[in-house]
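Below is one structure, written out as structure tokens; comments come after it.
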Ligand code: CA
């Protein structure tokens, strides 16, 4: 499940896209212009934005450029939708920071395939693919985390937030995530939840992982945040 923001002023297209995305299990927010889109992003950082180029007022192209310059939205996946099918327009769209570019009219199948491809590359925690690191295996489709001990696979008991947190960390390993980033990407809320909430859930996650002697995988990076690393040593946990 991904949080997808659809920025499109033509309501017929927006509705059609929204129906298909919801049918695929995604959570959809609609915005009809740049101001609404910015307000939606200020509230909840989406996992992906479908951005129409031609909007009333500030264009989708200018919005994409703005988002690429802001720290919080720099890596936010953007697929640009447009009636402009010229090669030069496509290049302009990609240069503005779009991850992909789709010319209207597009088929729903193609749109969904492009969305899956961008999510796989940039937001794999929204997909159902199982991930495995250091003997730990997390399967989103069954919501199970198992670890291999001898010949047997044991199941780890995790709360829903710890599961989401571990899923995000396992799909973005070896990278440091600030508490703000984790609130945005795991909780979807950077405004109303306090940063120490992250610390509380990291502690619970480590407690759960300690059963599998894996607590050290989640490292504290002083002054920066948290990182899941296979290179972490048990002693430093
Ligand atoms: Ca439009």
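Residue numbers (this note's numbering): 113 to 349. For glycine and all other residues, C-beta sits at the position ideal for the given N, C-alpha and C. Note that the structure is predicted; figures quoted are calculated from it, not measured.
Whole angstroms are fine: how far does the CA of residue j sit from the CA of residue i?
i: residue 234; j: residue 262; result: 34 Å
i: residue 327; j: residue 319; result: 7 Å
i: residue 66; j: residue 215; result: With the chain running from 113 to 349 in the structure shown, residue 66 is simply not present.
i: residue 330; j: residue 310; result: 13 Å
i: residue 116; j: residue 212; result: 15 Å
i: residue 349; j: residue 242; result: Low confidence applies to residue 349: its pLDDT is 41, below 50, so where it sits in the model is not reliable enough to give any reading.
i: residue 237; j: residue 122; result: 30 Å
i: residue 231; j: residue 161; result: 11 Å
i: residue 150; j: residue 170; result: 11 Å
i: residue 301; j: residue 152; result: 11 Å
i: residue 133; j: residue 252; result: 19 Å
i: residue 139; j: residue 322; result: 33 Å
i: residue 286; j: residue 119; result: 33 Å
i: residue 270; j: residue 166; result: 45 Å
i: residue 273; j: residue 313; result: 7 Å
i: residue 155; j: residue 297; result: 12 Å
i: residue 264; j: residue 130; result: 44 Å
i: residue 352; j: residue 190; result: In the structure as shown, the chain starts at 113 and stops at 349, and residue 352 therefore has no counterpart that could be examined.
i: residue 158; j: residue 142; result: 11 Å
Give the secondary structure of residue i by DSSP, where H, G and I count as helix, E and B as strand, and everything else as coil.
i: residue 157; result: coil
i: residue 133; result: helix
i: residue 187; result: coil
i: residue 181; result: helix
i: residue 127; result: helix
i: residue 349; result: Residue confidence for residue 349 is low, a pLDDT of 41 falling below 50, so the modelled location carries little weight; the figure read from the coordinates is stated next. Reduced to three states, the DSSP call for residue 349 is coil.
i: residue 167; result: coil
So who's on the other strand from residue i, going by DSSP bridges?
i: residue 289; result: 338
i: residue 344; result: Answer by DSSP bridge pairing: none, since residue 344 is not bridged.
i: residue 141; result: 117
i: residue 215; result: 194
i: residue 199; result: Partner(s): none; residue 199 has no beta bridge.
i: residue 204; result: Paired residues: none, contrary to the question.
i: residue 283; result: None, per the DSSP bridge assignment.
i: residue 274; result: Note: residue 274 sits in no beta bridge, so no partner.
i: residue 331; result: 339
i: residue 295; result: Answer is none; residue 295 lacks a bridge partner.
i: residue 162; result: 118 and 191
Which complete beta strand (DSSP E) runs does the stretch 219 to 268 hold, if anything under 3 residues is left out?
Counting only runs of 3 or more, we get 243 to 245, 248 to 251, 256 to 261 and 264 to 268.
Curious, which full-length alpha helix (DSSP H) runs of at least 4 residues does the stretch 297 to 324 contain?
For the alpha helix (DSSP H) assignment, the uninterrupted runs of no fewer than 4 residues enclosed by the stretch 297 to 324 are, from N- to C-terminal side, 307 to 322.
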